[in-house]
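Mapped onto the working numbering, the consecutive letters of the sequence shown carry residue numbers 1 to 251.
Glycine included, each C-beta is placed from N, C-alpha and C at the ideal position.
Reviewing the structure listed below.
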Amino acid sequence: MLKTRQKKKEEHIDETWLIPYADMLTLLLALFIVLFAVSTVDAAKFENMANSFKSALNGGTGPLDYTSPVSIVEQTSIPTSENAIIPTDDREEENGALDQLQLQEIKKKIDGYINDNGLNKSLKTTLTESGLIITILDNALFDSGSAYIKEDAIGLAREISQLLVTDPPRQIVIAGHTDNVPIKNNQFSSNWELSAHRSINFMQLLLRNEKLDPTKLSQTGYGEFQPVASNDTSEGRAKNRRVEVKILPFD
């Protein structure tokens with residue numbers, strides 16, 4: 001009987017290895033928790049957790065005694081002022097505001113030219129959300145019923161072309177407009193056709209300035225269908241007969 005008991009004691013496996021094994025598993029758990037947490041925290045909190053991990057390795061407080069790393073993730077999920085991500089809508093608003101400021105500067109330059117040359121009765125500028133519009137009354141460029149630029153208006157077109165040069169180049173649209181009085185000549189069948197030819201001829205004159213990019217210019221004719229005043233009076237019809245040069249905002 002005594003021999004049997006001694007034999008069982010000798011066959012009993014020593015389980016003391018479980019203690020360091022359990023410690024190692026605990027440390028591995030701490031390692032993975034730290035790796036998960038530091039993927040979202042900043043440098044200062046990473047250093048704090050590194051010190052905590054070092055303390056655990058040196059036999060200090062066990063990792064399970066520390067605050068759950070989930071709370072750390074929640075605390076660091078809000079960007080700081082230094083690395084905050086600006087929402088797309090806010091960025092677009094800022095770019096739009098800057099673009100408007102640049103268009104205002106262009107407007108001031110053109111208004112200065114208009115005032116210096118006494119052209120207030122023929123030219124004006126209007127800044128809108130869709131762009132900066134230079135309005136040129138038709139009597140400053142054309143004879144009645146004609147789409148040909150008057151000789152004394154060529155210098156005006158040349159000066160306007162210089163004012164349209166920007167860096168980087170902007171999209172520019174030239175639009176022709178008329179009043180609602182039907183056209184009565186053999187050259188044009190409608191006010192629509194007259195307005196289109198006027199915008200084309202004026203655009204071609206602007207493009208004599210080689211500093212303007214032809215790929216940035218386009219034209220259109222609206223005829224009598226976008227009046228800015230009543231066609232019931234001669235003054236209103238004079239305002240409606242015009243060429244508009246629109247400098248567009250950047251996309």
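Between the options, which lies nearest to residue i when the distance is taken from Cα to Cα?
i: Asn139; options: Arg208, Lys107 and Asp152; result: Asp152
i: Asp167; options: Lys239, Ile106 and Ala22; result: Ile106
i: Leu123; options: Gln219, Ala229 and Asp111; result: Asp111
i: Asn120; options: Ser234, Asn185, Met24 and Leu137; result: Leu137
i: Gly155; options: Leu141, Leu103, Leu31 and Glu93; result: Leu141
i: Gly176; options: Ser146, Lys211, Tyr222 and Arg158; result: Tyr222
i: Ile114; options: Thr135, Pro249 and Glu224; result: Thr135
i: Ser146; options: Met24, Gln187 and Pro182; result: Gln187
i: Pro249; options: Lys216, Arg241, Pro20 and Tyr21; result: Lys216
i: Glu212; options: Asp99, Lys184 and Glu159; result: The amino acid occupying residue 212 in the given sequence is Leu; Glu does not appear at that position. For the residues Asp99, Lys184 and Glu159, the minimum Cα distance to Leu212 belongs to Glu159.
i: Asp99; options: Gln204, Leu127 and Val34; result: Leu127
i: Tyr148; options: Thr125, Arg198 and Leu101; result: Arg198
i: Gln226; options: Gly131, Trp192 and Ser218; result: Trp192
i: Ala196; options: Ser218, Pro214 and Asn185; result: Ser218
According to DSSP, residue i sits in a beta bridge with which residue or residues?
i: Phe132; result: Phe is not the amino acid found at residue 132; the sequence shown has Leu there. DSSP output for Leu132 lists Leu127 and Ile247 as bridge partner(s).
i: Thr177; result: Correcting the residue identity first, residue 177 is His in this sequence and not Thr. Answer by DSSP bridge pairing, in chain order: Arg242.
i: Thr220; result: Ala175
i: Leu137; result: Arg242
Could you tell me the distance, in whole angstroms, from the CA atom of residue i to the CA atom of residue j?
i: Gly173; j: Val245; result: For the record, residue 173 in the displayed sequence is Val; it is not Gly. So the two alpha carbons sit approximately 6 Å from each other.
i: Thr220; j: Asn201; result: 11 Å
i: Asn180; j: Ser190; result: 10 Å
i: Ser161; j: Ile133; result: 14 Å
i: Lys239; j: Ala229; result: 6 Å
i: Arg170; j: Gly96; result: 14 Å
i: Ala289; j: Thr16; result: Residue 289 is absent from the structure shown; the chain starts at 1 and stops at 251.
i: Asp251; j: Leu28; result: 53 Å
i: Ala157; j: Leu206; result: 6 Å
i: Leu25; j: Phe36; result: 17 Å
i: Ile183; j: Arg208; result: 29 Å
i: Ser144; j: Lys150; result: 11 Å
i: Arg241; j: Gln204; result: 19 Å
i: Thr125; j: Leu101; result: 15 Å
i: Glu94; j: Asn185; result: 51 Å
i: Asn231; j: Arg237; result: 5 Å
i: Asp116; j: Pro214; result: 29 Å
i: Ser68; j: Ile33; result: Confidence at Ser68 is low in this model, with a pLDDT of 43, below 50, so its placement is unreliable and the value that follows should be read with caution. Distance between the alpha carbons of Ser68 and Ile33: 9 Å.
Rounded C-beta distance between residue i and residue j? I'm assuming under 8 Å.
i: Leu194; j: Lys109; result: Not really, about 31 Å apart at Cβ, beyond 8 Å.
i: Glu224; j: Thr178; result: 5 Å
i: Ile247; j: Gly118; result: That pair is no contact at about 23 Å.
Just mark residue i as buried or exposed, buried being the case when its beta carbon has 16 or more other beta carbons within 10 Å.
i: Val243; result: buried
i: Val165; result: exposed
i: Glu235; result: exposed
i: Glu129; result: exposed
i: Leu103; result: buried
i: Ile19; result: exposed
i: Thr233; result: exposed
i: Ala22; result: exposed
i: Asp65; result: The pLDDT assigned to Asp65 is 47, lower than 50, so where the model puts this residue is not dependable; a value taken from the coordinates is nonetheless given after this. Counting Cβ neighbours within 10 Å, Asp65 comes out exposed, since fewer than 16 surround it.
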